[in-house]
Amino acid sequence: INIHGPLAVGVSGEDGGLITAAPRNPDLGFVGDVTSVDPTLLEKLFAEGLIPVMSTIGADSSGQAYNINADTVAGAVAQAMNAEKVVYLTDVEGLYGDVTDEGSLIRQISADELNSKIQTAEITDGMIPKAEACVRAVKNGVTSAHLVDGRIPHVALLEIFTDAGIGTMVSD
Numbered sequence: 047i048n049i050h051g052p053l054a055v056g057v058s059g060e061d062g063g064l065i066t067a068a069p070r071n072p073d074l075g076f077v078g079d080v081t082s083v084d085p086t087l088l089e090k091l092f093a094e095g096l097i098p099v100m101s102t103i104g105a106d107s108s109g110q111a112y113n114i115n116a117d118t119v120a121g122a123v124a125q126a127m128n129a130e131k132v133v134y135l136t137d138v139e140g141l142y143g144d145v146t147d148e149g150s151l152i153r154q155i156s157a158d159e160l161n162s163k164i165q166t167a168e169i170t171d172g173m174i175p176k177a178e179a180c181v182r183a184v185k186n187g188v189t190s191a192h193l194v195d196g197r198i199p200h201v202a203l204l205e206i207f208t209d210a211g212i213g214t215m216v217s218d
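Numbering-wise, our numbering comes out as the position in the sequence shown, counting from 1, plus 46.
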């Protein structure tokens with residue numbers, strides 16, 4: 047990012063009280079969940095023309111740090127920033143109606159429909175946290191969440207700056 051500009055700044059979720067966390071399960075050690083996001087630090091960086099690049103570590107009120115799933119943090123930050131859109135990169139085109147059939151790409155799905163697919167185990171493995179994050183983001187004010195193939199060059203630009211979009215769009 048720094049080579050192409052503007053400048054990137056590394057930020058931890060612990061910095062400036064950005065991400066408050068709680069332990070997910072004591073048996074998992076220091077794995078946590080987001081309890082709140084204070085976007086003040088991010089807003090200041092954006093106002094200075096800087097691009098924050100976040101590590102997804104949050105802390106509880108005692109300062110104990112927790113590792114948090116990046117997809118979960120992205121959705122929570124999008125909510126806190128009142129984002130219109132959140133884009134998740136994955137290693138497939140998006141969600142499939144049938145994971146064995148690449149021709150079954152789901153271009154658009156409601157958050158309720160996606161949640162139903164999660165509950166009935168139609169969404170599996172590494173796609174579960176991404177799908178859950180999409181549902182939470184959309185149900186909490188983000189207009190749309192997008193699952194796109196990160197292997198495609200410039201995929202974020204294709205999603206953000208084209209009318210057709212790419213991948214799967216989740217909306218309410």
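Yeah, the Cβ is synthetic: ideal placement off N, Cα and C, and Gly gets one too.
| query | result |
| --- | --- |
| Going straight from the alpha carbon of E168 to that of G63, what length do you get? | 37 Å |
| Which whole-angstrom value is the C-beta distance of S190 and S217, which I expect to be below 8 Å? | 5 Å |
| Residues in the same chain with beta-carbon distance under 7 Å from S156, minus the five sequence neighbours each way, listed in chain order, please. | S217, D218 |
| Within the chosen definition, does the region 87 to 100 reach the region 140 to 156 through at least 3 CB pairs nearer than 8 Å? | no |
| What does the Cβ neighbour count give for T136, buried or exposed, with the cut at 16 atoms within 10 Å? | buried |
| Is it right to say L74 is buried, meaning 16 or more other beta carbons lie within 10 angstroms of its own, or is it exposed? | exposed |
| My understanding is that A67 touches A126, with C-beta atoms under 8 Å, so please give their C-beta distance in whole angstroms. | So it is not a contact: roughly 14 Å between Cβ atoms. |
| Taking the alpha carbon of M173 as the reference point, which residue from E139, I198, G56 has its own alpha carbon closest? | E139 |
| Specify the secondary structure class of G149 as computed by DSSP and reduced to three states. | helix |
| Would you tell me roughly how many angstroms separate the C-alpha atoms of V188 and I49, rounded to the nearest one? | 31 Å |
| Taking Y134 as the reference, which of I164, M100, A202 has the closest Cα? | A202 |
| According to DSSP, P98 sits in a beta bridge with which residue or residues? | V55 |
| What is the DSSP secondary structure of G78, counted as helix, strand or coil? | strand |
| For the alpha helix (DSSP H) that M127 lies in, which residues bound it at each end? | Note, M127: premise wrong, no alpha helix (DSSP H); not H, not E. |
| As an exercise, report each continuous alpha helix (DSSP H) stretch of at least 4 residues that is fully enclosed by the region 157 to 197, in chain order. | 157 to 165, 173 to 185 |
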